[in-house]
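All remarks here apply to the structure that follows.
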Amino acid sequence: MTISRQAFLRLTGLAYLGAVARKAIGAITGPRWAMAVDVAKCRTQQNCTKCIVACHEAHNVPSIPDRRHEVRWVWREPFEHAFPGQVDEYSSLRGAPAMLLCNHCENPPCVQVCPTQATWKREDGIVAMDWHRCIGCRYCMAACPYGSRSFNWMDPQPYVHNPNPEFPMRTKGVVEKCTFCSERLSVGRPPACVEACPEKALVFGNLADPHSPLRQLLAARQHVRRRPELGTGPDVFYLT
Amino acid sequence: MFMFEKAVTGSRRYWLWIGALAIVIGLGLACYLRQLQVGLMITGLSRDVTWGLYIAQFTFLVGVAASAVMVVLPYYLHDCKAFGPLTILGEFLAIAAVIMCMLFIFVDMGQPARVLNVMLYPTPHSMMFWDMVSLSGYLVLNATIARVTLRAEREGVKPPHWIKPVILLSIPWAVSIHTVTAFLYSGLPGRSLWLTAILAPRFLASAFASGPSLLILLCLLLRRISRFSVGREAIQKLSIIVTYAMVISVFFVLMEFFTAFYSRIPEHTESLRYMFFGLDGHTGLAPWMWVSMILAAASLVLLIVPRYRHNEKFLVVACGMVFLSLWIDKGIGLIVAAFVPSPLGAVTDYTPSLPEALIVLAIWAIGALILTVLYKIALSVREEPLRSAAPPVQVEVHA
Ligand code: SF4
Ligand code: SF4
Chain E
4 MTISRQAFLR LTGLAYLGAV ARKAIGAITG PRWAMAVDVA KCRTQQNCTK
54 CIVACHEAHN VPSIPDRRHE VRWVWREPFE HAFPGQVDEY SSLRGAPAML
104 LCNHCENPPC VQVCPTQATW KREDGIVAMD WHRCIGCRYC MAACPYGSRS
154 FNWMDPQPYV HNPNPEFPMR TKGVVEKCTF CSERLSVGRP PACVEACPEK
204 ALVFGNLADP HSPLRQLLAA RQHVRRRPEL GTGPDVFYLT
Chain D
28 MFMFEKAVTG SRRYWLWIGA LAIVIGLGLA CYLRQLQVGL MITGLSRDVT
78 WGLYIAQFTF LVGVAASAVM VVLPYYLHDC KAFGPLTILG EFLAIAAVIM
128 CMLFIFVDMG QPARVLNVML YPTPHSMMFW DMVSLSGYLV LNATIARVTL
178 RAEREGVKPP HWIKPVILLS IPWAVSIHTV TAFLYSGLPG RSLWLTAILA
228 PRFLASAFAS GPSLLILLCL LLRRISRFSV GREAIQKLSI IVTYAMVISV
278 FFVLMEFFTA FYSRIPEHTE SLRYMFFGLD GHTGLAPWMW VSMILAAASL
328 VLLIVPRYRH NEKFLVVACG MVFLSLWIDK GIGLIVAAFV PSPLGAVTDY
378 TPSLPEALIV LAIWAIGALI LTVLYKIALS VREEPLRSAA PPVQVEVHA
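Chains as they are written, first to last, in my numbering: chain E, 4 to 243; chain D, 28 to 426.
Here you go:
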């Protein structure tokens, strides 16, 4: 095939325009989901578990009493456990609640190590899971530096007390974790935990949009991320 | 078939041994069926310590498999004639060890029925993919080499020329399997115990100590129970390899200690502290690690002093100590301790459950069975009158 010089220029010009346009459109339409946790607001509700219950009920997460076999998508830890070495003994953050969930990292080590691509990074930033592909090697659990992943050491079904028929039930032998409620996002609803929080302490939003409430919050308030030095780029921020 | 007819004739003692192995395998199989049914909850693993004995055995055995290179390399590259009769034993040991590795990975999987997914969705950014590639390649290489050279030996002819490049390829390949296995661990951002560039060298050093010491023990055993005898020279040469490798291995461990404890970075000291002293009152691993350390030190005395090393009675003890010490280090400590403390600072002890231990034993028994059968074939070939007139005792491929 031969292309005249003019046609070539036209083509490259078009391709360039196309790329620019895609980028511009991407900035408007392609979201990058992230979350901010307002620690002070969360702290006002000492024994609240509403977000946990909402998430675990929506996603058929089993309530297994044995701590060793526990499965959890979102849970609470004292701040100093979630941020080891970052909270000194004089800090007012000691004992403050840190709601923990998968950070949907920008460079997720779990995705890097998974030998079957059963966990992968979506365009919108969500680190997703395919429970039908996972072979249960638990390599991702060794790789995640946040303890965000749970393994089904046994059949979870007997431990799911109010099964939600809309959401798949996992089997024994697969890994699971928070999915940022991708099933709800796809129908335009916010994540279950965000909706359930009475204090509005969980703010979910689009990092790609500079005008999103999330971005404005991050611009205005001091915040930390878990173990930023590892370069994983967590997309869950803690407003302190 | 691969001369398997040689494995189905044997003495009463042979069959008793096979029978004993079969019983152990049967017990483990029963436990595994139970694990298949109810899940990995029957093991001692937990959400914090997600890998245990299974993966640790895998790691240790990759080393044993790789160590075949320590007889193949001197024989084929340095023309060390004494290792001639040993190469086939080394290669068979590698075959048995690789198969055990694969079984250990398999029993560790939550969804073993989906094992083919690793091949259906090849993922080059996962080290586990490369581990699978290198291990299966190594198995094929060793099986081919052993088969071709043994057949040539039986026929009393020289092995075909094309086998030489295959043998040479197996040398770097052996190094690669253990390097890739170290990469499984050393590339993970949150596990400080593993996140060290010295992990692969350390793996190789300990492999080249534990594998050849096992081979020495096996040779001496064969000398007692069969007419096959590896010369004294070969044993002594192997023992020197064990000595150097063990010295280097211990040296590497001390390097880890220095870096962690002199820098005093908590993240780097915690797992080591857990291993040797315990954390928050959890001292489960410490006795094991100290036994491993003491065995290593004692074995070094026996190995380094020539008078002891030259005495086969002491050598047996030294090799036993090396093997046990490194087995504790790699087959228990190094894998488990990296999970303690957890990313959230939790200290969870791991104690293997009985069914888990039985499954582990069964896989070792399968390895022993494979090794027995393969060694039986090799020995029968050596003991039977040659088919042709030429009487080479060693496998010669020097063209
Ligand atoms: S928090 Fe853990 S599980 Fe979630 S994306 Fe990051 S590495 Fe993966
Ligand atoms: S356990 Fe599943 S998701 Fe995790 S690395 Fe293995 S196959 Fe991938």
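For every residue, glycine included, the Cβ atom is placed at its ideal position computed from N, Cα and C.
Interface partners of residue i on chain D, CB under 7 angstroms
| i | result |
| --- | --- |
| S153 (chain E) | R74 |
Minimum Cβ-Cβ distance from residue i to chain D less than 8 angstroms
| i | result |
| --- | --- |
| E73 (chain E) | yes |
| V227 (chain E) | no |
| M157 (chain E) | yes |
| A85 (chain E) | yes |
| P118 (chain E) | yes |
| Q115 (chain E) | yes |
Proximal chain D residues relative to residue i, where beta-carbon distance stays under 8 angstroms
| i | result |
| --- | --- |
| I138 (chain E) | M136, G137, Q138, P139, R141, V142, N144, V145 |
| E80 (chain E) | L371 |
Partner residues on chain E for residue i, Cβ-Cβ distance less than 9 angstroms
| i | result |
| --- | --- |
| G217 (chain D) | P112, A145, A146, C147, P148, Y149, G150, R230, L233, T235 |
Rounded C-alpha distance that separates residue i from residue j
| i | j | result |
| --- | --- | --- |
| V175 (chain D) | Y103 (chain D) | 15 angstroms |
| G308 (chain D) | R46 (chain E) | 31 angstroms |
| R336 (chain D) | V269 (chain D) | 11 angstroms |
| W134 (chain E) | V74 (chain E) | 14 angstroms |
| I52 (chain D) | I386 (chain D) | 8 angstroms |
| R35 (chain E) | G98 (chain E) | 31 angstroms |
| V125 (chain D) | P151 (chain D) | 21 angstroms |
| P68 (chain E) | Q160 (chain E) | 14 angstroms |
| M282 (chain D) | F230 (chain D) | 14 angstroms |
| I397 (chain D) | M159 (chain D) | 21 angstroms |
| H425 (chain D) | Q115 (chain E) | For H425 (chain D), the pLDDT reaches just 44, beneath the cut-off of 50, and the residue's location in the model is therefore unreliable, leaving the point undetermined. |
| E169 (chain E) | K180 (chain E) | 17 angstroms |
| G311 (chain D) | R70 (chain E) | 19 angstroms |
| V90 (chain E) | R229 (chain E) | 12 angstroms |
| T171 (chain D) | V408 (chain D) | 17 angstroms |
| R125 (chain E) | A131 (chain E) | 7 angstroms |
| V427 (chain D) | W78 (chain D) | Absent from the structure is residue 427 (chain D), since the part of chain D shown begins at 28 and ends at 426. |
| L330 (chain D) | K264 (chain D) | 12 angstroms |
| E198 (chain E) | P81 (chain E) | 23 angstroms |
Contact with chain E by residue i, beta-carbon distance below 8 angstroms
| i | result |
| --- | --- |
| V65 (chain D) | yes |
| T286 (chain D) | no |
| T150 (chain D) | yes |
Neighbour list for residue i in chain E, Cβ cutoff strictly below 7 angstroms
| i | result |
| --- | --- |
| P293 (chain D) | G88 |
| T206 (chain D) | Chain E residues near T206 (chain D): none, gap ~17 angstroms exceeds 7 angstroms. |
| K68 (chain D) | According to the sequence shown, residue 68 (chain D) is Met rather than Lys. Chain E residues near M68 (chain D): H72, W156, M157. |
Per-residue DSSP class, three states only, for residue i
| i | result |
| --- | --- |
| V269 (chain D) | helix |
| V227 (chain E) | strand |
| L371 (chain D) | coil |
| W354 (chain D) | helix |
| N50 (chain E) | coil |
| Y241 (chain E) | strand |
| T122 (chain E) | strand |
| G394 (chain D) | helix |
| V178 (chain E) | strand |
| A173 (chain D) | helix |
| P314 (chain D) | helix |
| M132 (chain E) | strand |
| P100 (chain E) | strand |
| R79 (chain E) | strand |
| G66 (chain D) | coil |
| N155 (chain E) | coil |
| N209 (chain E) | strand |
| H309 (chain D) | strand |
| W44 (chain D) | helix |
| V277 (chain D) | helix |
| V40 (chain E) | strand |
| P382 (chain D) | helix |
Residues that residue i contacts on chain E, provided the C-beta gap is smaller than 8 angstroms
| i | result |
| --- | --- |
| W78 (chain D) | R141, A145 |
Contacts of residue i in chain D (Cβ-Cβ under 9 angstroms)
| i | result |
| --- | --- |
| Q160 (chain E) | Correct list: empty, because the minimum Cβ distance to chain D is about 12 angstroms. |
Using a Cβ-Cβ cut-off of less than 9 angstroms, list which residues of the stretch 167 to 184 of chain E approach chain D; keep chain order.
-> T174, K175, G176, V177, V178
If contact means a Cβ-Cβ distance below 8 angstroms, which residues of the stretch 154 to 186 of chain D contact chain E?
-> M154, M155, F156, M159
Contact list for the stretch 308 to 342 of chain D against chain E, Cβ threshold 8 angstroms | none
Listed from N- to C-terminal order along the chain, which residues in the stretch 200 to 221 of chain E have their beta-carbon within a distance smaller than 7 angstroms of any beta-carbon of chain D?
-> none
Can you list, in chain order, every residue whose CB sits closer than 6 angstroms to a heavy atom of ligand 4?
-> Questions concerning ligand 4 fall outside what the structure shown contains, since the ligands it does hold are ligand 1 and ligand 2.
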